[in-house]
Amino acid sequence: MSTLWVGTSWKMTKTLAEAEEWAGGLRDHLAGSAPAGVQPFVIPSFTATTTVRGVLGEDSPVLLGVQNAHWEDAGAWTGEVSVPQAKDAGAQVVEIGHSERREHFGETVETTRLKVAAALRHGLTPLLCIGESAEVKESGGSSAFILEQAAGALAGLGEEELARVVIAYEPIWAIGEKGRPATVAELVDPFAALGEEYSGRVAGLLYGGSVNLDNAADLLGIEHVTGLFVGRTAWKLEGYLELLRIAAAHAAA
Ligand code: PEP
Numbered sequence: 112m113s114t115l116w117v118g119t120s121w122k123m124t125k126t127l128a129e130a131e132e133w134a135g136g137l138r139d140h141l142a143g144s145a146p147a148g149v150q151p152f153v154i155p156s157f158t159a160t161t162t163v164r165g166v167l168g169e170d171s172p173v174l175l176g177v178q179n180a181h182w183e184d185a186g187a188w189t190g191e192v193s194v195p196q197a198k199d200a201g202a203q204v205v206e207i208g209h210s211e212r213r214e215h216f217g218e219t220v221e222t223t224r225l226k227v228a229a230a231l232r233h234g235l236t237p238l239l240c241i242g243e244s245a246e247v248k249e250s251g252g253s254s255a256f257i258l259e260q261a262a263g264a265l266a267g268l269g270e271e272e273l274a275r276v277v278i279a280y281e282p283i284w285a286i287g288e289k290g291r292p293a294t295v296a297e298l299v300d301p302f303a304a305l306g307e308e309y310s311g312r313v314a315g316l317l318y319g320g321s322v323n324l325d326n327a328a329d330l331l332g333i334e335h336v337t338g339l340f341v342g343r344t345a346w347k348l349e350g351y352l353e354l355l356r357i358a359a360a361h362a363a364a
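Counting in our numbering, the sequence shown runs from 112 upward without gaps.
What follows is the structure, given as structure tokens:
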């Protein structure tokens, strides 16, 4: 079975003290090794990147990410952070194309493509988020829409580069406070479409959107799903640890 990626983005939450507490608790719980078959990752705000790296330590089994990075290596891009800067701060993963960035910050298929390429160029793992709106879902176009988002962002990559990419399918209607949890039945077709194109070719095909302790095991049971990308449920360390346990049990089954 593929390694199950289980991680969280903290979005725009947590002070440095809160970040330290969460990361320190995770470090102590794992005591140097990830649960068998599970790849944990955490994506704090930029401000907490070096703090979390310091708390986890250089050899941590937990991958550290940033929630965005610019495609240029350096230059006159006020307010932006580059992939080399993120790497310098200890990041190994770059989240790209979250729906909130597409909606509020002008992220497009073209900018996601440039950012995926920048992450790969510097040896970081691109975590590409894709997902359709409720309107697209209602029109029956979910699979075509997400395949187009993925194909645009991954255009031109060779198989070796593709093998370093993680894709997270996060339907917009299912994420965050305003979202509602997707049912397994609703996710079977989108994952069948993604699986047909990318299963075995990318490092992970994750599901994200209102993942909680009650639905996590069922979500991991969907064909082609190889991990979970989680917001609210994992912001409390106990929630994240429980998700790691659920994933470990799934990996062992
Ligand atoms: C998200 O916003 O990407 C997300 C997965 O959040 P939540 O788990 O809180 O729905």
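Virtual Cβ for every residue (Gly too), placed ideally from N, Cα, C. Owing to the predicted nature of the structure, the values given are computational and were not obtained by experimental measurement.
Taking DSSP's pairing of strands, which residues face residue i in a bridge?
i      : result
GLY315 : VAL277
PRO237 : VAL205
HIS181 : SER193
GLY176 : VAL204
GLY332 : Per DSSP, none; premise fails for GLY332.
TRP284 : Answer by DSSP bridge pairing: none, since TRP284 is not bridged.
GLN150 : TRP116
PHE256 : In DSSP, PHE256 forms no bridge with anything.
GLY338 : TRP116
Can the beta-carbon of residue i be found closer than 7 angstroms to that of residue j?
i      : j      : result
LEU339 : HIS361 : no
VAL153 : VAL173 : yes
PRO195 : HIS233 : yes
GLY242 : ILE207 : no
VAL295 : ILE257 : no
LEU298 : VAL117 : no
GLY290 : GLY320 : yes
ALA264 : LEU239 : yes
SER254 : PRO301 : yes
GLY315 : THR337 : yes
GLY89  : LEU175 : The chain is shown only over 112 to 364; residue 89 falls outside these bounds and no answer can be derived.
ALA279 : LEU317 : yes
VAL177 : PRO237 : no
ALA328 : ILE286 : no
ALA159 : ALA180 : no
Could you tell me whether any non-hydrogen atom of the ligand PEP is closer than 6 angstroms to the CB of residue i?
i      : result
GLU308 : no
SER321 : yes
ILE286 : yes
GLU281 : yes
VAL341 : yes
Taking the continuous alpha helix (DSSP H) assigned at residue i, which residues delimit it?
i      : result
THR344 : 343–346
ALA296 : 295–309
ASP139 : 127–141
ARG164 : 160–167
LYS248 : 245–249
How far does the beta strand (DSSP E) with residue i in it extend, from its first residue to its last?
i      : result
PHE216 : First-last for PHE216: undefined, no H or E at that position.
Looking at the C-beta of residue i, does it have a partner C-beta in chain B at a distance below 7 angstroms?
i      : result
TRP188 : The displayed structure is made up of one protein chain only, and chain B is not part of it.
Pairing CB atoms from the stretch 183–192 with CB atoms from the stretch 127–138, are three or more of them under 8 angstroms? no
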